[in-house]
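K.L.:
Have a look at the structure that comes next, please.
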DNA sequence: GGCCAACGATAACATTTGTTATCAAATACA
DNA sequence: TGTATTTGATAACAAATGTTATCGTTGGCC
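Quick look at the structure:
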C-alpha cells in the first residue's frame with residue numbers, strides 16, 4: 001500500500017516502519033459507516049480496495065457529494081482540520097479494504113518530516129487531492145444542466161459510472177433516479 | 001477609508017503614508033468594468049461607496065456569483081493569486097468610489113509587515129472575508145430550492161435585496177427573472 | 001435452487017421552471 | 001419636461017424535472 005513512497009525519500013527503515021505502524025488495516029463490508037453525521041472526524045482513511053461515498057442528509061433525502069476509489073484518501077476535511085462536527089457521512093458502497101490513521105499520529109508524522117519538504121508537500125497534496133474536484137463539482141451545479149453533468153461524469157470519472165449504483169449517481173448529480181434513467185435512455189436513442 | 005487601521009498598530013507616520021500612497025482612488029459610473037474576462041487580475045479593489053458584482057458568461061447568459069458593498073475588497077481571487085486569466089468579470093452596478101492597489105505593492109506591504117503578524121493576518125483575513133460565503137452559496141445550489149435560496153438571501157444579505165436590480169439577483173439565484181417575480185408574488189400572497 | 005431485497009426502466013401524471021410577449025412603472029438624462 | 005431606457009409584473013405556453021406506481025432483472029444469501 002505504501003510502497004509508492006518507499007525508496008523515494010531518505011528515511012531510514014526504523015523511522016519508516018514506525019510510521020507504517022500508525023496505519024491500521026480493516027476489511028469491511030458494503031454499507032459500513034466510517035464516519036457518522038455530527039461526529040468529529042479523527043481518522044483519515046485510505047482505500048486499498050473498494051469504494052466510498054460521502055453524503056449528507058438533506059430533508060430526509062441523501063445527497064451524495066463525493067465518490068472515492070482505490071488509493072484515494074478520504075476524510076471530512078472541515079471536520080478533520082478544524083474539529084467541527086462532521087456535516088457528512090462517510091460510507092462504503094463496496095466490500096472494502098481500508099487503512100486508517102489517527103489525526104494525532106498523522107500530525108506527529110507531518111511535524112517530523114518537516115525537514116523533507118518534498119515528501120511533506122506530496123503527502124499533503126495527496127490528502128487533499130480531491131478538494132479541487134469537489135469545488136468543480138459545485139460550480140457545475142450552477143453552470144451545467146443535469147445532462148451535461150452526466151456527460152462530464154462519463155468523460156472525467158468513468159469509474160463512477162461503471163462501479164457506482166445508479167441511484168447514488170442520481171443523488172450525486174442532484175436529480176431523481178427516474179430522471180437519470182430518462183437521460184440515459186435519451187442519450188442512447190437520440191444519438 | 002483606512003482610518004480603521006490607523007492607531008491600532010505600531011507603524012510610524014512615514015511608513016503609514018508610504019503605504020497609503022500605494023492606493024489609488026477613482027470615481028466611476030455604473031457598469032464600469034474593473035476586470036475583463038480572460039484578463040490577469042493585478043489589482044485589488046476596495047469599495048468606499050457603491051456596489052460591485054462579479055459574474056461570468058455561461059453560454060451567452062450572465063451568471064452572477066458575488067455581490068460586494070462598502071468596505072469590502074474585491075478581486076478575482078484565483079487570478080490574483082495564481083496569475084491565471086480571470087474566469088470572471090468584475091463590474092460596478094452603482095456609481096462607485098473605489099480604491100485600488102497593485103498586486104506588486106500589496107505583496108511588498110504584506111512582506112514588510114511580517115513583523116506585525118496581527119496586522120498581516122487581519123489584512124489577509126479582510127481580503128478573503130467573502131470566500132467562505134462564496135462556498136456557502138455554492139452548497140446552497142445543491143441543498144436548497146430557489147425559494148429557499150431567496151429567503152436565505154433576504155435573511156442573510158438584505159442589502160442585496162434592497163440595492164441590487166432584480167435581474168442580477170435572479171442571475172445570482174440561478175433562475176429566470178420571470179421565476180423570481182413569481183416567487184416574490186407567491187411569498188406575498190400565500191403568506 | 002429458491003426467495004427476498006436491491007436495482008433499474010418505464011409510464012402517467014403533477015409540479016417546477018424557462019421562454020416569449022406585453023404592459024406598466026420607475027429612472028436617467030438630454 | 002419629455003422621451004428613451006431600465007426595471008419589474010404577469011399571462012400563456014413549452015420544457016424540464018419530480019413523484020408514484022408497476023414490472024422485470026439481477027444478485028446475495030439461506
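Protein chains in written order, with full-length UniProt numbering: chain A, 1 to 191; chain B, 1 to 191.
We put the CB at the ideal spot given by N, CA and C, even for glycine.
Keep in mind the model is a prediction, meaning the values are calculated, not measured.
Compare the C-beta of residue 139(A) with all C-beta atoms of chain B and state if any pair is closer than 9 Å.
P.N.:
Position 139 of the first chain, counting from 1, holds the residue named residue 139(A). Answer yes: the Cβ-Cβ gap between residue 139(A) and chain B drops below 9 Å somewhere.
K.L.:
Establish whether the CB of residue 58(A) and some CB of chain B are separated by less than 9 Å.
P.N.:
Along the first chain, read from residue 1 onward, the residue named residue 58(A) stands at position 58. Taking Cβ atoms only, chain B reaches closer than 9 Å to residue 58(A), which makes this a yes.
K.L.:
Would residue 41(B) pass as a contact of residue 68(B) if the rule is Cβ separation under 9 Å?
P.N.:
Within the second chain, the letter at position 41 stands for residue 41(B). Within the second chain, the letter at position 68 stands for residue 68(B). Result no, Cβ atoms of residue 41(B) and residue 68(B) do not sit closer than 9 Å.
K.L.:
Going by other Cβ atoms of all chains shown within 10 Å of its Cβ, with 16 needed for buried, is residue 2(A) buried or exposed?
P.N.:
Looking up residue 2(A) in the first chain gives position 2. Per the 10 Å Cβ criterion, exposed.
K.L.:
Could you tell me the alpha carbon to alpha carbon distance between residue 31(A) and residue 101(A), rounded to whole angstroms?
P.N.:
Position 31 of the first chain, counted from the start, is the residue given in the question as residue 31(A). Position 101 of the first chain, counted from the start, is the residue given in the question as residue 101(A). Roughly 20 Å between the two C-alpha positions.
K.L.:
What residues in its chain sit with their C-beta under 8 Å from that of residue 161(B), if we drop five residues either side in the sequence?
P.N.:
Along the second chain, read from residue 1 onward, the residue named residue 161(B) stands at position 161. Answer for residue 161(B): 153, 154 and 169, listed in chain order.
K.L.:
Mind the definition here: the segment 45–60 of chain B touches the segment 10–22 of chain B only if three or more C-beta pairs lie below 8 Å; say whether that holds.
P.N.:
Counting Cβ pairs under 8 Å, fewer than three are found: no touch.
K.L.:
Using only the alpha-carbon positions, how far apart do residue 191(B) and residue 185(B) sit?
P.N.:
Reading the second chain from its first residue, position 191 is the one you call residue 191(B). Reading the second chain from its first residue, position 185 is the one you call residue 185(B). With a pLDDT of 49 at residue 191(B), under the threshold of 50, the modelled position of that residue is not reliable, and no figure is offered here.
K.L.:
For residue 60(A), is the classification buried or exposed, using 16 other Cβ atoms within 10 angstroms of its Cβ as the cut-off for buried?
P.N.:
The residue you call residue 60(A) lines up with position 60 of the first chain. Per the 10 Å Cβ criterion, exposed.
K.L.:
Using the three-state DSSP reduction, which class does residue 143(B) fall into: helix, strand or coil?
P.N.:
For this step, residue 143(B) is matched to residue 143 along the second chain. DSSP places residue 143(B) in helix when its eight states are reduced to three.
K.L.:
Quick check: is the beta carbon of residue 143(A) nearer than 9 Å to any beta carbon in chain B?
P.N.:
Counting from one through the first chain, the residue named residue 143(A) turns up at place 143. At least one chain B Cβ lies under 9 Å of residue 143(A).
K.L.:
For the segment 14–36 of chain A, which residues have a beta carbon sitting closer than 7 Å to at least one beta carbon of chain B?
P.N.:
none
K.L.:
Give me the subset of the segment 157–186 of chain A whose CB atoms are less than 8 Å from a CB atom of chain B, sorted by chain position.
P.N.:
174
K.L.:
What are the start and end residues of each continuous beta strand (DSSP E) run of 3 or more residues lying completely inside the segment 19–78 of chain A, in chain order?
P.N.:
Note on the segment 19–78 of chain A: whole beta strand (DSSP E) runs with a minimum of 3 residues are 24–28, 33–35, 43–49, 52–58 and 61–68, in chain order.
K.L.:
My output table needs one value for residue 88(A): the three-state DSSP class, helix, strand or coil.
P.N.:
Residue 88(A) sits at position 88 when you count from the first residue of the first chain. Of the three classes helix, strand and coil, the one that applies to residue 88(A) here is coil, per DSSP.
K.L.:
Are the beta-carbon atoms of residue 75(B) and residue 43(B) separated by less than 9 Å?
P.N.:
Here residue 75(B) refers to the residue found at position 75 of the second chain. Here residue 43(B) refers to the residue found at position 43 of the second chain. Yes. Within cutoff.
K.L.:
Taking Cβ positions, are residue 98(A) and residue 25(A) nearer each other than 9 Å?
P.N.:
Here the question's residue 98(A) lines up with position 98 in the first chain. Here the question's residue 25(A) lines up with position 25 in the first chain. It is a contact, given that the beta carbons lie within the stated cut-off.
K.L.:
With a threshold of 9 Å between beta carbons, is residue 189(A) in contact with chain B?
P.N.:
Numbered from its first residue, the first chain carries residue 189(A) at position 189. Chain B contact via Cβ: absent.
K.L.:
Rounding to the nearest angstrom, what Cα-Cα distance links residue 147(B) and residue 183(B) in this structure?
P.N.:
For the purposes of this step, residue 147(B) is taken as residue 147 along the second chain, with counting starting at 1. For the purposes of this step, residue 183(B) is taken as residue 183 along the second chain, with counting starting at 1. Taking the straight line joining both Cα atoms gives about 6 Å.
K.L.:
Going along the segment 59–82 of chain A in order, which residues come within less than 8 Å of chain B, judged by CB to CB distance?
P.N.:
63 and 65
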